[in-house]
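Below is one structure, written out as structure tokens; the observations come after it.
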Amino acid sequence: MESFGNVPPGLTAQQQVQWLQQQAKQQGIVLPPNIQQQQQTVVPGNSPVAGAPLAGQLPNQQPVPGAPGLSPINQGPAQPPPPQFAAASADQNQQQQLQLRQYRLQQLQLQREQAQKNHLSQQQGGITQQTVVRPINQQHLADSTTNPQVPDAAMHSLVVNPKTKTALANMLSIKLQSGGAGTMAVQRPDTIAEPSAAGTLRLMTAQHNAALNSKPQEIIALQRRTISGPNGEIIKTQQLPLSASSEPPKLQFTQKPSLPLQHRPGPFYGHNPNLKLPPDLFLLGCIFVVVEVENFLEENAPGWRQKIEKHGGEIEKQYCSRVTHVLCETQRHGVVMQALRDCKRCVTVVWLNDVMQRKQVLPPWTALHLPNIYLDIAPASKHLIAISGFEGNDRNRVKQMIKYTGAKCTTYFSKHNTLLISAKADSKKCQYAKKWQIPVVNVQWLTDIMLGHFTAMNQMENQIYQQYPNPPNFSFDPKLVPNLMMAWKAPINISQESYERVKRSASPVMLPKKYKKPKTETTDENGNISQDQVTSSTHNILFSMFHHDNELGKIVREIGGSVAKDHTSFTHLVMPYLARSNKLFFAIAKEAHIVSEQWLRDSYEAKKFLPEENYTLSAKEFNMMYKCDFDQTLQTRNRCKLLEGKFFWVTPSVIPSKKVVTELIQSCGGIVERLRRSSAQIEATSINSPFSYFIITHENDLHLVADLLKNKKDKMQIVCNVELIFSAMLKQTFEVEPYAVCVL
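Note that UniProt numbering has the sequence shown beginning at 1, numbered continuously upward.
Structure follows, in structure tokens:
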């Protein structure tokens with residue numbers, strides 16, 4: 001490394017500069033052209049910035065006014081030097097010169113090493129930091145040969161050319177910028193200068209990329225950081241709101257609450273979709289436990305256990321971990337509550353019946369497949385609902401859903417109804433509903449009420465309840481019942497043992513042929529029974545309370561009788577035991593013979609119809625239950641004139657049906673009117689002809705006779721239930737008071 005030697009003593013600062021310029025000219029060193037133009041004095045800032053200097057930056061180097069910073073912030077001009085630093089004594093200058101001569105070689109060596117490192121870091125495309133370790137509280141002094149304040153152009157020359165001549169030129173440039181020795185005795189703290197424009201751009205890019213991968217909490221912390229300006233002032237950055245925006249390059253964050261697994265919508269499964277089960281074993285892997293509906297199944301679905309096991313299902317007597325399905329009616333049972341906590345599938349008898357028909361285990365698709373959430377609460381108890389446009393099984397489903405909500409369902413539609421559930425938007429009932437200002441909704445409204453969506457009670461005009469697809473949509477939103485649908489997110493898997501059973505059952509099995517009994521009756525070429533044997537018109541037999549009467553029908557035909565198709569024309573009623581039925585009431589009114597099953601079998605052996613007197617049914621229990629004398633009733637003559645001279649009006653909801661009750665009244669000589677009489681007409685009839693006009697009603701139709709029931713305790717009772725007719729036919733007496741509707 002070249003050197004100019006020692007500076008002659010006794011020279012002022014301006015003379016030292018001139019001497020250095022002469023030495024540079026003699027050695028052929030070309031000084032930068034901007035050296036002579038630098039006339040401003042650089043005064044250190046007072047901003048305390050912690051950290052090491054960046055690459056390409058000298059120790060204790062101060063920021064240059066107007067240079068780009070780490071953030072794109074407009075920087076103000078540098079502050080002028082304080083007045084207390086404007087003058088210095090000659091003694092202090094001499095001491096500083098002695099100290100600076102000792103550090104000159106060290107500073108030049110550090111500059112060269114720093115320039116080499118900066119050159120290597122730029123080749124690698126990165127920015128490194130250089131930390132200079134020095135003793136604590138060490139003072140940094142500046143003289144005519146060293147000054148850490150480097151302008152942008154001089155710093156760039158240090159980076160590009162690390163040779164000694166360039167270092168000397170930079171030293172001279174710094175000396176000229178100092179403007180004299182009066183500012184050299186200032187003790188300055190360690191500061192970090194702002195980098196170049198290219199470095200600032202790279203830092204901003206790195207910050208942007210880091211922000212994209214940062215969490216919202218980190219973004220907030222980054223926005224709230226404090227940044228010091230070149231003159232020591234604290235500059236606050238503008239905080240960006242965490243809201244969605246379409247203007248780049250702002251970051252967009254949409255924070256959504258994390259939902260638990262059971263509340264997230266997703267696919268639902270029956271069996272594993274990869275399994276292919278034969279139709280006859282579609283319940284394989286389903287293990288049932290039954291609560292709340294055991295008696296119902298025994299009475300209405302005899303043999304239900306055998307049917308489940310026949311199709312591959314299993315039944316547990318008590319709830320255990322093996323159970324996959326709980327057959328229940330409500331969600332209030334203790335076993336059902338525990339099953340829901342264990343993620344078991346809780347379904348109703350309606351679901352079991354539907355999957356039996358489809359021969360496939362499917363997730364619930366109607367509200368009737370899920371256990372009812374109501375036990376003592378009836379959310380729609382104040383509604384009187386009529387239905388329109390539903391046919392067959394759909395109509396029965398809607399009626400059952402109305403029953404579960406606590407509302408009353410009417411088979412008619414009148415001004416007294418509060419709601420109409422329709423399958424079509426252009427039905428005749430809908431036109432009357434619009435005329436009478438009665439709300440009309442689809443079956444989706446009823447579904448939501450069943451599943452606990454109470455807000456639907458006040459949202460009948462909502463668009464989702466005014467859509468009428470064909471066929472009607474009975475499906476439901478799984479989000480309304482996440483606790484019931486969570487178990488259906490996992491498919492039913494079958495064990496290896498059960499799967500082997502499926503494979504064995506899939507192989508064809510040759511069953512022995514059943515022996516066919518020869519036909520005993522004469523048939524024509526189309527398989528119809530020959531009519532030449534149905535010759536008797538005196539024995540037209542009607543069956544009641546039989547599950548299978550085909551065998552008895554063959555017996556009747558073989559001995560010359562005929563089987564009645566309905567109750568309009570028959571001479572004999574055959575019953576296995578005495579029970580109250582519609583056919584029994586018609587037999588009483590028609591004075592037909594009521595005999596036991598044994599009468600037919602004995603007649604078949606005798607090859608003729610035997611007398612009926614010895615084959616009457618036992619009536620002891622029947623008489624005790626209905627408080628009548630059935631034998632005495634059969635001996636009564638003119639039973640067809642029991643209600644002669646009496647007039648009736650029958651409301652639509654009577655049980656078994658309005659048609660049957662009307663026919664029974666007419667078979668006993670009574671007259672059924674199509675329209676109800678007014679209150680004044682009824683009062684006049686009661687005065688002129690007492691006990692001649694009656695109204696047969698049901699609790700669902702009380703609104704139709706509300707005007708007659710108000711304050712009518714002291715007057716004649718004419719509103720009765722249907723037991724008035726049934727009791728009169730069994731006892732052959734007409735008693736009104738026990739069956740009159742009372743006003744509470």
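Cβ coordinates follow ideal geometry from the N, Cα and C atoms, glycine included.
Report buried or exposed for histidine 548, applying the criterion of at least 16 other Cβ atoms within 10 angstroms of its Cβ. Classification for histidine 548: exposed.
Could you check the C-alpha separation between tryptophan 365 and methionine 356 for me, to the nearest Å? 14 Å
Cβ separation of isoleucine 665 and phenylalanine 691, assumed to be a contact under 8 Å, to the nearest whole Å: About 15 Å; that fails the 8 Å criterion.
Can you give me the start and stop residues for the beta strand (DSSP E) that tyrosine 693 sits inside? Residues 693 to 696.
Which two residues bound the contiguous alpha helix (DSSP H) that contains threonine 447? 443 to 450
What's the call for asparagine 417, buried or exposed, on a 16-neighbour Cβ count within 10 Å? buried
Would you call proline 82 buried or exposed, if buried means 16 or more other Cβ atoms sit within 10 Å of its Cβ? Because proline 82 carries a pLDDT of 47, less than 50, the predicted location of this residue cannot be relied on, and the following value inherits that uncertainty. By the 10 Å Cβ count, proline 82 comes out exposed.
Which of helix, strand or coil DSSP assigns to glutamine 575: Per the sequence presented here, residue 575 reads as methionine, with glutamine not at that position. Secondary structure at methionine 575: strand, using DSSP grouped into helix, strand and coil.
Going by beta carbon distance, what residues of the same chain come within less than 8 Å of asparagine 550, once the five residues before and after it are set aside? none
Based on the DSSP output, what are the partners of asparagine 372 in its beta bridges? Thr330
N- and C-terminal bounds of the beta strand (DSSP E) containing valine 350: Unbroken run through valine 350 is the alpha helix (DSSP H), 349 to 358; no beta strand (DSSP E).
Endpoints, the beta strand (DSSP E) within which lysine 408 is located: Where lysine 408 is concerned, the enclosing beta strand (DSSP E) stretches over 408 to 410.
Kindly indicate the opening and closing residues of the alpha helix (DSSP H) around glutamate 735. Neither: glutamate 735 is in no alpha helix (DSSP H) and is coded neither H nor E.
Let's test the definition: count the other Cβ atoms within 10 Å of the Cβ of proline 518 and tell me whether it reaches 16, buried, or not, exposed. In this predicted model, proline 518 has a pLDDT of only 43, less than 50, meaning its place in the structure is not dependable enough to derive any value.
For lysine 641, the nearest candidate out of Asn623, Glu663 and Gly670 (CA to CA): Comparing Cα positions, the closest option is Gly670.
Which class does arginine 341 belong to by DSSP, given the choice of helix, strand or coil? Looking at arginine 341 - three-state DSSP - the assignment turns out to be helix.
From the DSSP output, read off the bridge partner residues of glutamate 314. Ile287
Residues bridged to phenylalanine 543 [DSSP beta-bridge criterion]: Val574
Neighbourhood of isoleucine 594 by C-beta, 6 Å cutoff - its chain only, sequence neighbours within 5 removed: Leu573 and Ala587
Backbone CA spacing between glutamine 14 and glutamine 22 [nearest angstrom]: 13 Å
C-alpha distance - glutamine 138 paired with histidine 119, whole-angstrom precision: Low local confidence applies: a pLDDT of 42 at glutamine 138 is under 50, so the model's placement there is unreliable, with the coordinate-based value given in what follows. Looking at the two C-alpha atoms, the distance is approximately 29 Å.
Proximity of serine 422 and tyrosine 468 at Cβ, strictly below 8 Å: yes
As a quick exercise: from Gln732, Ala433 and Glu314, pick the residue whose alpha carbon is nearest that of residue 745. Residue 745 lies beyond the residue range present for the chain, which begins at 1 and ends at 744; the question has no answer from this structure.
For methionine 625 and glutamine 635, what's the separation of their Cα atoms in angstroms? Between methionine 625 and glutamine 635, the C-alpha separation is close to 20 Å.
Could you name the residues of the same chain whose beta carbon sits closer than 8 Å to that of arginine 601, not counting the 5 residues immediately before and after it, in chain order? Ile555
Taking the straight line between their C-alpha atoms, what separation do you get for proline 8 and arginine 104? 15 Å
In angstroms with no decimal places, state the Cα-to-Cα distance between methionine 155 and glutamine 109. Residue placement at methionine 155 is flagged as unreliable, the pLDDT there being 43, under the threshold of 50; the coordinate-derived value follows with that caveat. Computed Cα separation, rounded: 16 Å.
If I follow the unbroken alpha helix (DSSP H) through phenylalanine 474, where does it start and stop? Where phenylalanine 474 is concerned, there is no enclosing alpha helix (DSSP H), given that its DSSP letter is neither H nor E.
With distances taken from CA atoms, which of Arg322, Gln331, Phe570 and Val361 is nearest proline 278? Val361
For the beta strand (DSSP E) holding isoleucine 387, just list the boundary residues, first then last. First-last of the beta strand (DSSP E) with isoleucine 387: 384 to 388.
So what does DSSP say about leucine 281, is it helix, strand or coil? helix
Counting only runs of 3+ residues fully inside the stretch 568 to 653, write out the beta strand (DSSP E) ranges in chain order. 572 to 575, 593 to 596 and 647 to 650
Across which residues does DSSP place histidine 325 in a beta bridge pair? Its beta-bridge partners are Phe288 and Arg345.
Within the same chain, show all residues whose beta-carbon is closer than 7 Å to that of alanine 487, passing over the 5 residues directly before and after it, in chain order. Cys343, Lys344 and Arg345
Which same chain residues end up closer than 7 Å to valine 660 when comparing Cβ atoms and leaving out the 5 residues on each side of it in sequence? Asn582
Within its chain, find whatever has a CB closer than 6 Å to the CB of valine 349; leave out the 5 residues flanking it on each side and keep chain order. Val293
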